[in-house]
Amino acid sequence: MKILILSIILFSLSVIYYSCGDNSVTPKNEEPTSNNYVKVVTAENGNLKFEIWSATASFLRIGYNKIGFKVFENNQEKNSGFVKFFPKMYHWLNSPMHSSPVKERYNYVDTVGMFTGYAIFTMQSDTSSFWYGFYNFNDLLFLDSALFNVQIYQGLQIKIFVDNQTAADYLITLIKPYSPAQGFNTFQCMLHRTSDDIHYEQVDDAQMYIMPWMPTMLHGSSNNVDPVHIGEGIYEGTANFNMPGEWYVYDTVYYQNRKITPNIPPKFTFNP
Amino acid sequence: MNIKIISLVIVIVLLINIKNSKACNVCGGGTSDIAVLALDGRMLFNMGFMYDHYLGIWDQNGKWRESDFTTNQYKIAVAIAYRINKHFQFGITVPYVFNTSSNTGLKQSGSSVGDLSVSARYELFHEFQLRKSGSKKKIDNLYPYLAFIFGITIPTGKSDETAKNEVDVTGKGFYSTSLGISVIKSIIKNRFQMSADLSWQHSFTNKYETYFGSSASFTKQAGDKFNYSMTVNYIFGSEHAVSLTATGFNQSAYLINDNVANNSDERSFNFILAYTYYPHIQFRITPSVKWTFPSNNFGRNATGSTTFNINFTYYIPDYSIK
Chain A
1 MKILILSIIL
11 FSLSVIYYSC
21 GDNSVTPKNE
31 EPTSNNYVKV
41 VTAENGNLKF
51 EIWSATASFL
61 RIGYNKIGFK
71 VFENNQEKNS
81 GFVKFFPKMY
91 HWLNSPMHSS
101 PVKERYNYVD
111 TVGMFTGYAI
121 FTMQSDTSSF
131 WYGFYNFNDL
141 LFLDSALFNV
151 QIYQGLQIKI
161 FVDNQTAADY
171 LITLIKPYSP
181 AQGFNTFQCM
191 LHRTSDDIHY
201 EQVDDAQMYI
211 MPWMPTMLHG
221 SSNNVDPVHI
231 GEGIYEGTAN
241 FNMPGEWYVY
251 DTVYYQNRKI
261 TPNIPPKFTF
271 NP
Chain B
1001 MNIKIISLVI
1011 VIVLLINIKN
1021 SKACNVCGGG
1031 TSDIAVLALD
1041 GRMLFNMGFM
1051 YDHYLGIWDQ
1061 NGKWRESDFT
1071 TNQYKIAVAI
1081 AYRINKHFQF
1091 GITVPYVFNT
1101 SSNTGLKQSG
1111 SSVGDLSVSA
1121 RYELFHEFQL
1131 RKSGSKKKID
1141 NLYPYLAFIF
1151 GITIPTGKSD
1161 ETAKNEVDVT
1171 GKGFYSTSLG
1181 ISVIKSIIKN
1191 RFQMSADLSW
1201 QHSFTNKYET
1211 YFGSSASFTK
1221 QAGDKFNYSM
1231 TVNYIFGSEH
1241 AVSLTATGFN
1251 QSAYLINDNV
1261 ANNSDERSFN
1271 FILAYTYYPH
1281 IQFRITPSVK
1291 WTFPSNNFGR
1301 NATGSTTFNI
1311 NFTYYIPDYS
1321 IK
């Protein structure tokens, strides 16, 4: 009887222990599907501190990052207003600088408790490539030239093409899927335009037409849904990978009633 | 009389085998069965039922990849063959195809007429024929059965160009022709035979203006295909026969817009076990199963499936054919 009571007590304690564990989940290195943010960068100068939190991975990585900022002044956290973030990459001393597409303005979201948005990095940090962050809170507080790291990620898919008529560069960044399944997959991407590799404009009013294709089996699939803009710069559609193996998803883009992608459109590669 | 009947049965068994593998439904129909007449047959009617269960694919590295979906194809094929003379016969096969798929979000079933096949064969030699030996005629035991085979497949089914869904695809969507040779040789007379079939298949370019209901503009041509099969056949008494076939194909790369599509060449290798029962001299029933080894390097850029077949064949004899 004593053994039975002891067992019940131990079992109850173990249930309580696991139930009271940390509910926060470290985001896996995947497409952003949750609001589980983890801190990935801290930039401090005097009494001012900016933190970058990621819901995408436990580090900043190449490609799309769903991020949020926390801002502290004299250890007091800010909970209104906006943040602006300008990442700059230098490859050597006095080298030309280039940037990456980021959200123009990160507004504070009460439910998340952060200034939320995204950052897309086109290159990783290495021994000759350095990312520096330039932070701005409400156009009042500034923190400049804070070094941070961006790591490589194999699932990276950013497609760059040139619009020959305007000579502008366009970037299509894959948001999902990074781990595609056989069958229907939600396909999300963003479109940015730049003419100087420094300033990137988020393009929200383009038309996209996708065509999944198995390059080795030489066939496609049916019932695909062309991506449409659903807000926050994200285009969402559906891609049907009807059998296992390597698939391309060609993405033809029209902007201002003109096809801007080359005749062989940019393609994303998947292997469900 | 009994010897004559047994001989006829043997010839029929020699000439009729199930050799063609079936493509999976998402790739569009498949090759059709070819009904073949024995030397004493004037006309033949065949009704075949097929169940093809798609398992997965071999990718470009020959790695086997399982399918997450249950995808099946059912086919009813009606075939007629007619012998014009001792050397020449032809046949027509018309299939009706049903497809099913468990791919969520997709239409679950579809059906229509498949691709129509017309074949002809010129039989240069038959086994066990009377031949001159000096001033006498005697039964020859040396010559094998040897035939040259010609075929054309007409895209009467729905392809990925005209269908709206994968399950509606019942045909290849392009014309193809084939040229082949068939050899059969008895190792033990009336008991054990071996046969080999080789064929070269050429497909013609198809210009796509639509693709699964969306507008398209490209041309596609399947590479030339080399089919091969080797069969051993054992006869029990006069009413039963069992055959085992090893069969496969190699296909060169596709052409897309007249450019070679790299890494798109295909190959696969399968086995077929068939049993034939003759309840009557003019009627036979042939169930068969085709299976593949779902493991690496038994194919490349090809689909793997398990296929069950049953054929009911009735023929009209004509003993005047010389």
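Respectively, the protein sequence lines represent chains A and B.
Reading the first sequence from the start, the letters are residues 1 to 272 in the numbering used here.
Reading the second sequence from the start, the letters are residues 1001 to 1322 in the numbering used here.
All C-beta atoms, glycine included, are put in the ideal place defined by N, C-alpha and C.
Asked                                                                                                                                                                                        : Found
Going by the beta-carbon positions, is the gap between residue 238 of chain A and residue 161 of chain A smaller than 8 Å?                                                                   : no
Pop quiz: residue 1299 of chain B and residue 1253 of chain B are said to be a contact at Cβ under 8 Å. What is the actual Cβ separation, rounded to whole angstroms?                        : Between residue 1253 of chain B and residue 1299 of chain B the Cβ distance is about 15 Å, and since that is not below 8 Å, they are no contact.
In the stretch 1046 to 1089 of chain B, which residue ranges form an unbroken beta strand (DSSP E) of at least 3 residues, counting only runs that do not cross its ends?                    : 1064 to 1083
Can you check which of these residues, B:1314, B:1316, B:1290, is closest to residue 1308 of chain B by C-alpha distance?                                                                    : B:1290
Counting C-beta neighbours from all protein chains within 10 Å, is the total for residue 1005 of chain B 16 or more, i.e. buried, or is it exposed?                                          : Bear in mind that the predicted position of residue 1005 of chain B carries a pLDDT of just 43, short of 50, making it unreliable; the figure below should be weighed with that in mind. It counts as exposed.
Give the residues of chain A in contact with residue 1065 of chain B, contact being defined as C-beta atoms less than 7 Å apart.                                                             : 244, 245
Expressed to the nearest angstrom, what Euclidean distance is found between the alpha-carbon atoms of residue 12 of chain A and residue 1100 of chain B?                                     : With a pLDDT of only 46 at residue 12 of chain A, under 50, the local geometry of the prediction cannot be trusted, and no value is derived from it.
Can residue 178 of chain A be considered in contact with the ligand MG, in the sense that its beta carbon sits closer than 7 Å to one or more heavy atoms?                                   : With respect to the ligand MG, the structure offers nothing, as it holds no ligand at all.
If we cut at 8 Å on Cβ distances, does residue 1105 of chain B have a partner in chain A?                                                                                                    : yes
Looking at the secondary structure, which residues open and close the beta strand (DSSP E) in which residue 1153 of chain B lies?                                                            : 1145 to 1154
DSSP three-state label for residue 270 of chain A, please.                                                                                                                                   : strand
Specify, as a first and last residue, the run of the beta strand (DSSP E) that residue 92 of chain A falls within.                                                                           : No beta strand (DSSP E) contains residue 92 of chain A, which DSSP labels as neither H nor E.
Taking DSSP as the reference, what is the three-state secondary structure of residue 112 of chain A?                                                                                         : coil
Tell me the rounded alpha-carbon separation between residue 1096 of chain B and residue 36 of chain A.                                                                                       : 53 Å
Can you name the start and end residues of the beta strand (DSSP E) that residue 44 of chain A belongs to?                                                                                   : 38 to 45
Quick check on this structure: which residue in B:1202, B:1212, B:1286 has the alpha carbon closest to the alpha carbon of residue 1239 of chain B?                                          : B:1286
Exposed or buried, what is residue 165 of chain A when buried is set at 16 or more other beta-carbons lying within 10 Å of its beta-carbon?                                                  : exposed
Using a beta-carbon distance cut-off of less than 8 Å, what residues from the stretch 1160 to 1183 of chain B approach chain A?                                                              : 1160, 1163, 1164, 1165, 1166
Does DSSP put residue 246 of chain A in a helix, in a strand, or in coil?                                                                                                                    : coil
With which residues is residue 1220 of chain B paired in a DSSP beta bridge?                                                                                                                 : B:1206, B:1256
Expressed to the nearest angstrom, what Euclidean distance is found between the alpha-carbon atoms of residue 144 of chain A and residue 41 of chain A?                                      : 14 Å
What does the Cβ neighbour count give for residue 246 of chain A, buried or exposed, with the cut at 16 atoms within 10 Å?                                                                   : buried
Relative to chain A, which residues along the stretch 1259 to 1276 of chain B have a C-beta separation below 7 Å, given in chain order?                                                      : 1261, 1263, 1264
Where residue 1192 of chain B and residue 1175 of chain B are concerned, what is the direct C-alpha to C-alpha distance, given to the nearest angstrom?                                      : 37 Å
With 9 Å as the C-beta to C-beta threshold (strictly closer), list the residues of the stretch 175 to 207 of chain A near chain B in chain order.                                            : 181, 182, 183, 184
Between which two residues does the beta strand (DSSP E) carrying residue 263 of chain A extend?                                                                                             : Unbroken run through residue 263 of chain A: none, as it is neither H nor E.
Along the beta strand (DSSP E) that carries residue 1040 of chain B, what are the first and last residues, could you check?                                                                  : No beta strand (DSSP E) holds residue 1040 of chain B; DSSP gives it neither H nor E.
Is there contact between the stretch 211 to 221 of chain A and the stretch 164 to 180 of chain A, where contact requires at least three CB pairs shorter than 8 Å?                           : no
Going by the DSSP bridge assignment, what does residue 1173 of chain B pair with across the sheet?                                                                                           : None; residue 1173 of chain B has no bridge partner.
Contact defined as beta carbons within less than 8 Å: I believe residue 213 of chain A pairs with residue 250 of chain A. What is the distance between those atoms, to the nearest angstrom? : 6 Å
In terms of DSSP beta bridges, what is residue 1290 of chain B paired with?                                                                                                                  : B:1272, B:1307
Candidates A:227, A:270, A:260: which alpha carbon is nearest residue 248 of chain A's?                                                                                                      : A:270
If we call anything under 8 Å between Cβ atoms a contact, is residue 221 of chain A one with residue 1166 of chain B?                                                                        : yes
Quick check on residue 205 of chain A: does DSSP put it in helix, strand or coil?                                                                                                            : coil
Quick check on the DSSP output: the beta strand (DSSP E) that includes residue 1142 of chain B runs from which residue to which?                                                             : No beta strand (DSSP E) holds residue 1142 of chain B; DSSP gives it neither H nor E.
Roughly how many whole angstroms lie between the Cα atoms of residue 109 of chain A and residue 191 of chain A?                                                                              : 24 Å
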